[in-house]
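Enquirer: Each residue of the sequence shown is one higher than the one before, counting from 77 in our numbering.
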Amino acid sequence: MLTPGNVNDATAFGQVLDGIRVPRVGTGRPRRTPTRVLGDKAYSSRAIRRLWRRRGIAVTIPERRDQAANRRRRGHLGGRPPAFDEEVYRERNVVERCFARLKQFRAIATRFDKLADRYRAGIVLAALILWLREPAG
Numbered sequence: 077m078l079t080p081g082n083v084n085d086a087t088a089f090g091q092v093l094d095g096i097r098v099p100r101v102g103t104g105r106p107r108r109t110p111t112r113v114l115g116d117k118a119y120s121s122r123a124i125r126r127l128w129r130r131r132g133i134a135v136t137i138p139e140r141r142d143q144a145a146n147r148r149r150r151g152h153l154g155g156r157p158p159a160f161d162e163e164v165y166r167e168r169n170v171v172e173r174c175f176a177r178l179k180q181f182r183a184i185a186t187r188f189d190k191l192a193d194r195y196r197a198g199i200v201l202a203a204l205i206l207w208l209r210e211p212a213g
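#1: Do you know offhand how far Arg173's Cα is from Thr79's?
#2: Name the residue from Thr103, Ala176 and Arg126 whose alpha carbon lies nearest to the alpha carbon of Pro206.
#3: Are Arg108 and Arg97 close, meaning C-beta to C-beta below 8 Å?
#4: Within the continuous alpha helix (DSSP H) that includes Val171, where are the two ends?
#5: Kindly list the residues whose CB is nearer than 8 Å to the CB of Phe293, restricted to its own chain and excluding five residues on each side of it in sequence; keep chain order.
#6: Check for me: the alpha helix (DSSP H) holding Leu93 runs from which residue to which?
#7: For the putative contact between Ala144 and Pro157, defined by C-beta atoms under 8 Å, what is the C-beta separation to the nearest angstrom?
#8: Alpha carbon to alpha carbon, what distance is there between Gly104 and Met77?
#9: What does the Cβ neighbour count give for Gly132, buried or exposed, with the cut at 16 atoms within 10 Å?
#10: In chain order, which continuous runs of the alpha helix (DSSP H) of length 4 or greater are located wholly inside the segment 86-140?
#11: Just to confirm before moving on: does the CB-CB distance between Leu178 and Ala202 stay below 8 Å?
#12: Helix, strand or coil for Thr186 per DSSP?
#13: Compare the C-alpha of Asn169 against each of Phe181, Leu208 and Leu114 and name the closest.
Laid out in structure tokens, this is it:
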């Protein structure tokens, strides 16, 4: 899902979640729900967490400081903190490193293209170039 540059990720999150297709090993339709989602603090909102719970998706997201402070301020009415597994969250660096490598391409980092389909095509080309540069083995 590609949104305009000035739109935050959380507003388009429902559409992104609807577009997920996890291929099965062997035959069968792709699954629509991943086993686990690793996200940054931008996806820590109550509405997004509720959407994941409704779909039965396990989540590993750190809680934002302001949300933790508000929860503690409310006392026992604030509820318990969301579960967070630091060991699992460390695997998220693969995604961040991929974004960093894609942003080495100037057109992607600065988003010169006005049309979304052209920008997406640039991302696909950059990903192919990075993939072809990888040593075989």
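From the three backbone atoms N, C-alpha and C, an ideal C-beta is built for every residue, glycine too. Note that the structure is a prediction, hence the values are computed from the model and not measured.
Expert: In short, the structure shows the following:
#1: 21 Å
#2: In the sequence on display, residue 206 carries Leu and not Pro. Comparing Cα positions, the closest option is Ala176.
#3: yes
#4: Asn169 to Leu178
#5: Only positions 77 to 213 of the chain appear in the structure, and residue 293 is not among them; the question remains open.
#6: Phe89 to Asp94
#7: 7 Å
#8: 24 Å
#9: exposed
#10: 89-94 and 122-131
#11: yes
#12: helix
#13: Leu114
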